[in-house]
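S.K.: The numbering of the sequence shown is our numbering, which starts it at 106 and goes up by one. Here it is: the structure, laid out below.
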Amino acid sequence: MTLRVVMTGATGFIGSAVLRRLTDPVVLAEHKVSVRALTRRHVPLPPGVEQVSADLTRPESLSGVCSGAEVLVHAASHVGSDEQLCLQVNDLGTAALMQEAARAGVKRIVQLSTTAVYGRGPHRDATVTDLEPAPGSVTSRTRLAGEAHALDHGALVLRAGLVTGAGDRWVVPALAELARRVPGYWMAGESRLSMIAVEDLARLITATALRLPAGGAIAAQGIHHAVHPEPVRSRDLLDVLASLDVLPPVSGELTWQECLSLMEKNPGRISARQLTLLAQDHFYSGEFLWDACRIDPGPGPLARLTGAAGWYRSMLSRS
């Protein structure tokens, strides 16, 4: 029997990696899967993928998109400062999509979210139940609202940490800007961060969609962290990127007050709040989900950076 999977966000940074994984011969050898991708405009997709026009900002366009599907992977979101667009996509659009999934009788829903819903921190080895969300941006607030709609329909919500890899336009670009504006190891470079390479996140999302059992250590619903089990020190992250010629070498240690003074002296796009997410501890427990899916988390995000270094160098040179 063919398992039909409906996907949103299939052309985005993370969603495109999930789509590649779902259509990978290794996965198809284990699961007979057909994928229906919801896109706003026609774009080239892997062979065999059904492409359906739909737009989360137009709820009427979602009518019928989940018909005949057993699984929904909701990986679409809007990240930015446009409050109205965040509301339309992350909150109201998700609500309409979940209603369509319920109408179609979709059996499993996997929703991608973010650990940014927890806010500033610091957070240290925190579980989902340890923390109360305190989103600090319109993106995070509306994504948290989207989580609530998904949970109301029995979804599994995956809060991803910092995601790196080819296509990343936030984490390493932010580090590149901060390396210029605030040169040095922030707070001695000792902060620990929950990260995950995009290809490993795609493996985890695919496994939760196709393999996670209904019972066992973790049920196929509720909220879980999608992070590599081992946090990354910010010092090690900066050093690896420098060794790959993505960032300049770092030297010297800065106190938090020195960081803030340099931020004010050298203005730019990245805010002090965003620096907080990188310079202070933000790491979360996440090993149980990997265990429940019976997959290896891989070598870790630092090791995976080698494969993305060329893309980062090219992107940063253009910007």
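C-beta: ideal position from N, C-alpha, C; glycine also.
1. Out of curiosity, what's the CA-to-CA distance linking residue 194 and residue 262?
2. How big is the Cα-Cα spacing for residue 334 and residue 229?
3. In terms of DSSP beta bridges, what is residue 291 paired with?
4. Report yes if the C-beta distance between residue 169 and residue 206 is below 9 Å; otherwise report no.
5. Assuming residue 158 contacts residue 107 under a Cβ cut-off of 8 Å, what Cβ separation, rounded to an integer in Å, is found between them?
6. Helix, strand or coil: how does DSSP classify residue 254 here?
7. Whose C-alpha, out of 347, 387, 359, 290, is nearest the C-alpha of residue 340?
8. Return the Cβ separation of residue 298 and residue 267 in integer angstroms, given the expectation that the two are a contact with Cβ distance under 8 Å.
9. Can you give me the start and stop residues for the beta strand (DSSP E) that residue 110 sits inside?
10. Take residue 199 as the anchor and find which of 153, 250, 241 has the nearest alpha-carbon.
11. So residue 304 and residue 122 are supposed to be a Cβ contact under 8 Å. How far apart are they, rounded?
12. Check the DSSP bridge columns for residue 301 and list the partner residues they point to.
13. Have a look at residue 215 and residue 246 and give me their C-alpha separation to the nearest angstrom.
14. Are the CB atoms of residue 109 and residue 175 within a distance shorter than 9 Å?
15. May I have the straight-line CA-CA distance separating residue 178 from residue 366, to the nearest angstrom?
16. Only counting runs of 3 or more residues, tell me where the beta strand (DSSP E) segments fall wholly within the segment 307-348, in order along the chain.
17. Touch check for the segment 379-397 and the segment 277-297: three-plus C-beta pairs under 8 Å?
18. Between the Cα of residue 276 and the Cα atoms of 421, 113, 114, which residue gives the shortest distance?
19. Using a Cβ-Cβ cutoff of less than 7 Å, which residues in the same chain neighbour residue 353 once the five nearest sequence positions on both sides are dropped?
20. Measuring straight from C-alpha to C-alpha, what distance separates residue 414 and residue 254?
21. So if DSSP puts residue 389 in a beta bridge, which residue, or which two residues, is it bridged to?
22. Apart from the five residues just before and just after residue 231, which ones in its own chain have a Cβ nearer than 6 Å to its Cβ?
23. What first and last residue would you give for the alpha helix (DSSP H) that runs through residue 381?
24. With DSSP as the reference, label residue 177 as helix, strand or coil.
25. Under the three-state reduction of DSSP, which class applies to residue 142: helix, strand or coil?
26. Output needed for residue 233: all residues of its chain with C-beta closer than 6 Å, excluding positions within five of it in sequence on either side, in chain order.
M.R.: Let me spell this out:
1. Using only the alpha carbons, I get a separation of about 17 Å.
2. Here the alpha carbon of residue 334 sits roughly 13 Å from the alpha carbon of residue 229.
3. Beta-bridge pairing links residue 291 to 359.
4. For the pair residue 169 and residue 206, the CB atoms are not nearer than the 9 Å cut-off.
5. The Cβ separation is near 22 Å, so there is no contact.
6. Looking at residue 254 - three-state DSSP - the assignment turns out to be helix.
7. Of the residues 347, 387, 359, 290, the one whose Cα lies closest to the Cα of residue 340 is 290.
8. Contact between residue 298 and residue 267 is confirmed by a C-beta separation of about 6 Å, below the 8 Å threshold.
9. Per DSSP, residue 110 belongs to the beta strand (DSSP E) from 108-113.
10. Of the candidates 153, 250, 241, 250 places its Cα closest to the Cα of residue 199.
11. Rounded, the Cβ-Cβ distance is 6 Å, consistent with contact.
12. Answer by DSSP bridge pairing, in chain order: 268.
13. Residue 215 and residue 246: Cα-Cα distance of roughly 19 Å.
14. The answer is yes: Cβ separation under 9 Å.
15. Computed Cα separation, rounded: 43 Å.
16. Within the segment 307-348, the complete beta strand (DSSP E) segments at least 3 residues long are 327-331, listed from N- to C-terminus.
17. The segment 379-397 and the segment 277-297 touch, with no fewer than 3 CB-CB distances between them shorter than 8 Å.
18. Ranking the options by Cα distance to residue 276, first place goes to 421.
19. Contacts found: 284, 347.
20. Rounded to whole angstroms, residue 414 to residue 254 spans 37 Å at the Cα level.
21. In DSSP, residue 389 forms a bridge with 231.
22. Taken in chain order, the residues that qualify are 389.
23. Its alpha helix (DSSP H) spans residues 377-384.
24. Reduced to three states, the DSSP call for residue 177 is strand.
25. Strand.
26. The residues 328, in chain order, have a CB closer than 6 Å to that of residue 233 in the same chain once the five nearest residues on each side in sequence are set aside.
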